[in-house]
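A short worksheet on the structure shown next.
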Amino acid sequence: MTTQATKDDLLNQFREWTSYVHDIASLDWTKPIGEGKWSVHGLVSHLMMWDKYFWDKAIQPISQDQPISLQDLDFDAFNRDAAEFGRSITKSELIELAVKYRRLIIETIEGLDEEKFSRSYGDFTVESYLRDFIGHDHHHRSQIEERKAYLA
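Quick note on my numbering: the sequence shown kicks off at 141 and runs consecutively.
Here you go:
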């Protein structure tokens, strides 16, 4: 029972990003959030691409009893590519993709049985993934919140 409460709590925290993306839609997404930092558009693209990566390489395969295919990545290159991709689409397209991938992950994890949720897939567990990326979300949300007056 404890794990289910933890799973539900983690999913609720992970879900917050979908409403937050809509909440910040009125901000200027083109201004960098600080000296040498990404814009809101770049940050949202960054988070969306990580969601897409984990959906494609871990969450969807786990749900289909397939092996996960996570690999060691060059984070700097991945993040540069994510920001570049973001520049190729509009704010509304990016919001749609960000919400789409986050919802796919949430709905799929909600449907996982306890064994799949708790199992270790090498160095990966669904629970640790959620915990790590909730922290990742909060880090970038706090950056946006600190600069909100400037971005408005």
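Beta carbons are placed, not taken as given, at the ideal position from N, Cα and C, and that holds for glycine.
* **Three-state secondary structure assigned by DSSP to S260** => Counting from 1 along the sequence shown, the entry for residue 260 is found at position 120. Secondary structure of S260 (DSSP, three-state): coil.
* **Per-residue burial, M141 [other beta carbons within 10 Å of its own, 16 or more giving buried]** => Taking the first residue of the sequence shown as 1, we reach residue 141 at position 1. Below a pLDDT of 50, predicted positions are generally treated as unreliable, and M141, at 44, falls in that range; the measurement from the model is reported next regardless. Under this definition M141 is an exposed residue.
* Any chance the region 240-257 sits against the region 200-211, with 3 or more Cβ pairs inside 8 Å? -> Because the criterion of three Cβ pairs below 8 Å is met, the region 240-257 and the region 200-211 touch.
* **Distance between K256 and Y98 (C-alpha atoms, nearest Å)** => In this structure the chain extends from 141 to 292, so residue 98 is not present and cannot be described.
* Asked: Should R243 be listed as close to the ligand ATP, given that the test is whether its C-beta is under 7 Å from any heavy atom?
  -> Annotation note on the ligand ATP: not contained in the displayed structure, which lists no ligands.
* Have a look at the DSSP bridge pairing and note the partners of P172. => Here residue 172 refers to the residue found at position 32 of the sequence shown. Bridge pairing for P172: S179 [DSSP].
* Please report how far the alpha carbon of H181 lies from the alpha carbon of A222, in whole angstroms. => The sequence position of residue 181 within the sequence shown is 41, counting from 1. The sequence position of residue 222 within the sequence shown is 82, counting from 1. Their Cα atoms are separated by approximately 10 Å.
* Thinking just about the alpha-carbon of each residue, which of L270, W195, E236 is nearest to the one in D149? -> For the purposes of this step, residue 149 is taken as the residue at position 9 of the sequence shown. The candidate whose alpha carbon is nearest that of D149 is L270.
* **Q166, DSSP secondary structure in three states** => What you label residue 166 is simply residue 26 of the sequence shown in a count that begins at 1. Before going on, a small fix: residue 166 reads as Ser here, not Gln. S166 carries a coil assignment under DSSP once its states are collapsed to helix, strand and coil.
* Asked: Which first and last residues belong to the alpha helix (DSSP H) in which T248 is found?
  -> Residue mapping note: residue 248 aligns to position 108 of the sequence shown, counting from 1. For T248, the enclosing alpha helix (DSSP H) has its first and last residue at 231-251.
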